[in-house]
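J.: Mapped onto this note's numbering, the consecutive letters of the sequence shown carry residue numbers 18 to 750. Glycine included, C-beta positions come from ideal geometry on N, C-alpha and C.
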Amino acid sequence: MTTADTANGAAPAVASEASAADMVTVERQGSSAVPAERPAATLPLPGWLATALAVVAVGTLVALPFALAAGGLSLTDAVDGYYVQTSVLFAVLGAVILAMRPGHVIGWVLVATGAFDTISRLVDVYLLFTLGDVARGASGTVKPTFDEFPVQVIVLTVFGWAWVPSLAALTIALPLLFPDGRLLSARWRGLAIFGAAVTALLSMIQAVVEVVDIPLFIEVPAGILLGVAMLASLVPLVLRFRRSRGTERQQLKWVFYGLAFSIPLLAVAVLGYYFGIGGYFSIAPFVILPITITIAVLRYRLYDIDVVINKTVVFVVLAGFITAVYAGIVVGLGRLLPLGEGNLGLAIAATALVAVAFEPVRVRVQHWANRLVYGRRATPYEALAAMTARLGDSSDPGAALAEAARLLADGTGAAQAVIWVAQEGVLVARATAGDALLEPEPVPLVGTELPRMSGAELAQAVRHDGQLVGALTLTKRAGEGVSSADRRLVEELAGQAALLLANTRLRARLNDRLAELRSSRRRMLAAQDRARRALERDLHDGAQQELVALKVKLGLARTIATREGATDLATRLTDTAAIADQAVDTLRDVARGIYPPLLESEGLAAALSAQARRADLSVTMLDRGGVRYLREVEATAYFCALEVLNNAVRHAHAEHAHIELDGTDSALTVTVTDDGRGFDADSTVYGAGLTHMTDRADVAGGTLTVDSRPSRGTTITLALPVPAGVGAWTGPG
18 MTTADTANGA APAVASEASA ADMVTVERQG SSAVPAERPA ATLPLPGWLA TALAVVAVGT
78 LVALPFALAA GGLSLTDAVD GYYVQTSVLF AVLGAVILAM RPGHVIGWVL VATGAFDTIS
138 RLVDVYLLFT LGDVARGASG TVKPTFDEFP VQVIVLTVFG WAWVPSLAAL TIALPLLFPD
198 GRLLSARWRG LAIFGAAVTA LLSMIQAVVE VVDIPLFIEV PAGILLGVAM LASLVPLVLR
258 FRRSRGTERQ QLKWVFYGLA FSIPLLAVAV LGYYFGIGGY FSIAPFVILP ITITIAVLRY
318 RLYDIDVVIN KTVVFVVLAG FITAVYAGIV VGLGRLLPLG EGNLGLAIAA TALVAVAFEP
378 VRVRVQHWAN RLVYGRRATP YEALAAMTAR LGDSSDPGAA LAEAARLLAD GTGAAQAVIW
438 VAQEGVLVAR ATAGDALLEP EPVPLVGTEL PRMSGAELAQ AVRHDGQLVG ALTLTKRAGE
498 GVSSADRRLV EELAGQAALL LANTRLRARL NDRLAELRSS RRRMLAAQDR ARRALERDLH
558 DGAQQELVAL KVKLGLARTI ATREGATDLA TRLTDTAAIA DQAVDTLRDV ARGIYPPLLE
618 SEGLAAALSA QARRADLSVT MLDRGGVRYL REVEATAYFC ALEVLNNAVR HAHAEHAHIE
678 LDGTDSALTV TVTDDGRGFD ADSTVYGAGL THMTDRADVA GGTLTVDSRP SRGTTITLAL
738 PVPAGVGAWT GPG
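1. List the residues that DSSP assigns as beta-bridge partners of I733.
2. Which class does T681 belong to by DSSP, given the choice of helix, strand or coil?
3. In the structure shown, what three-state DSSP assignment does T216 receive?
4. Please report the distance separating the alpha-carbon of R138 from that of P56.
5. Please state whether DSSP places V739 in a helix, a strand or coil.
6. Provide the residue(s) that pair with T449 in DSSP beta bridges, ordered along the chain.
7. Any contact of the segment 653 to 668 with the segment 613 to 633, i.e. 3+ C-beta pairs under 8 Å?
8. Is the beta carbon of L425 closer than 8 Å to that of A434?
9. What first and last residue would you give for the beta strand (DSSP E) that runs through S634?
10. Could you tell me the alpha carbon to alpha carbon distance between L517 and P414, rounded to whole angstroms?
11. Would DSSP call I322 helix, strand or coil?
12. Give the DSSP bridge partners of G487, in chain order.
13. What separation, rounded to the nearest whole angstrom, lies between the Cα atoms of F696 and D679?
14. Does DSSP classify D697 as helix, strand or coil?
15. For A578, which option in A566, T591 and A488 has the closest C-alpha, if you only look at C-alpha atoms?
16. Pull up the distance between the alpha-carbon of I123 and that of Q169, whole angstroms please.
17. Just to confirm before moving on: does the CB-CB distance between P689 and V661 stay below 8 Å?
18. Could you pull out every residue in the same chain whose Cβ sits closer than 7 Å to the Cβ of A112, ignoring the five residues on either side in sequence?
19. Answer yes or no: the CB of G464 versus the heavy atoms of the ligand MN, is any distance below 7 Å?
20. Taking the DSSP output, what are the residues bridged to I676?
21. For A419, tell me which candidate among P253, A432 and I436 has the shortest Cα-Cα distance.
22. Would you report the Cα separation of W180 and G131, rounded to the nearest angstrom?
23. Looking at G472 and A439, is the spacing between their C-beta atoms short of 8 Å?
24. With C-beta atoms as the reference, is A714 less than 8 Å away from T720?
25. Determine the contact status of K493 and A544, defining contact as a CB-CB distance below 8 Å.
26. Identify every residue that forms a DSSP beta bridge with L193.
27. Where does P461 fall in DSSP's three states?
28. Spatial neighbours of T732 within its chain, please: C-beta separation below 6 Å, excluding the five flanking residues on both sides.
29. Whose CA, out of S261, D134 and V175, lies closest to the CA of A185?
30. Rounding to the nearest angstrom, what Cα-Cα distance links P63 and L315 in this structure?
31. Using C-beta distances below 8 Å, list every residue in its chain close to L194, excluding the 5 sequence neighbours before and after it, in chain order.
32. Three or more C-beta pairs under 8 Å: does that hold for the segment 198 to 216 against the segment 245 to 260?
33. Name the two residues that bound the continuous alpha helix (DSSP H) containing Y655.
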């Protein structure tokens, strides 16, 4: 875990078998697509001041019971009318922010909210302690007079207005400045000045209204102006959310989450006052808001807000569903139907309906909540479940890796997700998914630790039996950070994918060995062909030429013998010359069998035609290609076709055979059909000839297909690929 984790507001990932070095998070550097985050604004005020104000707020809370006793109020009355506990929360959490983010403007806004509210509550506590019942009328119809209570009137005049700036700090300053303590832009400065002016005006009015009656035409418009400033201050907050990306967006989500609870609770509080329970509902928003603001500013588990919203939506909707069903059946039907007192049957029916419908409703609500929070991408659970199901099919590791990369990208919303496999000292990208489909370069491995993965914001090592078998990497979209949920998902997927990557690694090694073996066989075959050509040249230039010279000399000797009348000698020389002719022909046949010169000089069709004329069966041939190919391709086709003709004579006792050549720039197909006795190709074990042809075709990357049935002849098809970029060949070289 690097320092980037703290900057992104994530909690440390849960420890697993892997070492801490197995997960590496880096921040995106130098990307022009990512807007630079503005530094948070600070105020040059001493930190001890915030601590002192928080201590005063706590002290006020401690002094509350004594004031209650003096004023004859119960704790319930205090909760309903004296919100000291909320003052403490704002002041203390503001001090916490300033302790961890020195000078942060939002921290000072919270401290100011708590401090001014504490002053207001201190005034209430003081009046309650000194005046008792009279204090309860300080804000009502009974007002203390200067003649009777001079000190109390002065306190009310000097400090009684403190609740106004407290409210303004929370409802005007905070929306304007959150989350970095700066205005969204300079054009909102006018609204800030307007809010400050309205706050000052209402504060002056409140300083007087506590002891003197103020006409409504003065007090009411000031209150309306304050309400307008509050509503207008929400506009830049909404605009900021719409334009935000990454960390700032997550911060704003926390605040809107708090507002989503606070506004309905305040509405319930207004109605609750008619039933004497409004105070409890009005306290809750002032507890929820400072907590969510503190989480957002400190960036503690910042990206967990998506999970919190998801679970909250599900809980609230299900709670509403249960309440609506139960109330609709028990209350609604209970009033419509004359079922007597108790309505036990309706209660049972409502419970049964909720029990039956709960799971389908929960699944539907969960799906809707997932779409609300995650969009159309998969949830972490869906990604894990799909990964588990996909890994069960190991028949196609390549497809499994591609699917795993897609699930990784969908589950994290990454711009690019890459699955790497360790092989031969490097990490090689085997599967890539996401929007930014850039081809990653191999990454060298040093030891057993995960190297730095350039361009990736999150890299997770994948280990199997303690060995590094691969890695998973993420690159998030512009402006988005790596969340703790992303880390947990990647870590879980790494555990799921370990066996798949290990098998892929073994398959890659096996394929490398097979490629090496095939290359070795190809080199051996090429060496054999070179040896054949060399032997053919040696026979042609050596023994064959000597036999031809011997034949010429025998002819000269026979001519001399005939002229001298040595008839018997001439006859013997004639017989010897005939033997020499036969030896030359035999040697030529041997040379052609080793490697026919015609194959190299004129090509496959000419060489096969010449061989067909000397075969012991009738052979016809059709050449559809008419082009030349690499020496290795033509040699493979020639010797395989020759072996088929020999087998047709020796084993099938065929009388006729047909050779068909079908060549293009990308492939060469040789088909040989005979009318021999045939055999069962499915059950017959291949002999040396067919085995040699199959091996030779495999070395050339081709295939040999045998189609034969007893008494129906045999068709053997050889398909050879032509290497890419190799077209027709004009001749030997």
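T.: In short, the structure shows the following:
1. According to DSSP, I733 bridges with V689 and V723.
2. Coil, per DSSP.
3. T216 carries a helical assignment under DSSP once its states are collapsed to helix, strand and coil.
4. Approximately 35 Å between the Cα atoms of the pair.
5. V739: coil per DSSP, three-state reduction.
6. Answer by DSSP bridge pairing, in chain order: V435.
7. Taking a cut-off of 8 Å for Cβ pairs, the segment 653 to 668 and the segment 613 to 633 touch, as three or more such pairs fall below it.
8. Yes.
9. The question names Ser, but residue 634 in the sequence shown is Leu. First-last for L634: undefined, no H or E at that position.
10. Their Cα atoms are separated by approximately 7 Å.
11. Below a pLDDT of 50, predicted positions are generally treated as unreliable, and I322, at 49, falls in that range; the measurement from the model is reported next regardless. Looking at I322 - three-state DSSP - the assignment turns out to be helix.
12. Answer is V438 and V479, bridged to G487.
13. About 26 Å.
14. If DSSP states are grouped into helix, strand and coil, D697 belongs with coil.
15. Distance from the Cα of A578 is smallest, within the candidate group A566, T591 and A488, for T591.
16. Each residue's Cα considered, the two are about 34 Å apart.
17. For clarity, residue 689 is Val in the given sequence; the question names Pro instead. Yes.
18. The beta carbon of A112 sits closer than 7 Å to the beta carbons of A67, T68, A71 and V128 from its chain, once the five residues preceding and following it are set aside; these are given in chain order.
19. Only the bare structure without any ligand can be found here, which leaves the ligand MN out of the picture.
20. Under DSSP, I676 forms a beta bridge with M638 and V689.
21. Closest by alpha carbon: I436.
22. About 10 Å.
23. The answer is no: Cβ separation not under 8 Å.
24. Their beta carbons are under 8 Å apart, which means A714 touches T720 by this criterion.
25. A544 sits away from K493, with the two beta carbons spaced by 8 Å or more.
26. Residue pairing of L193 in beta bridges, as defined by DSSP: absent, with no partner found.
27. Strand.
28. T690 and D724, listed in sequence order.
29. Comparing Cα-Cα distances from A185 to each of S261, D134 and V175, the minimum goes to D134.
30. If you draw a straight line from the Cα of P63 to the Cα of L315, it is about 19 Å long.
31. Cβ within range, chain order: A58, V122, I123, V126 and L200.
32. A contact exists between the segment 198 to 216 and the segment 245 to 260.
33. Taken as a continuous stretch (DSSP letters only), the alpha helix (DSSP H) holding Y655 covers R648 to R667.
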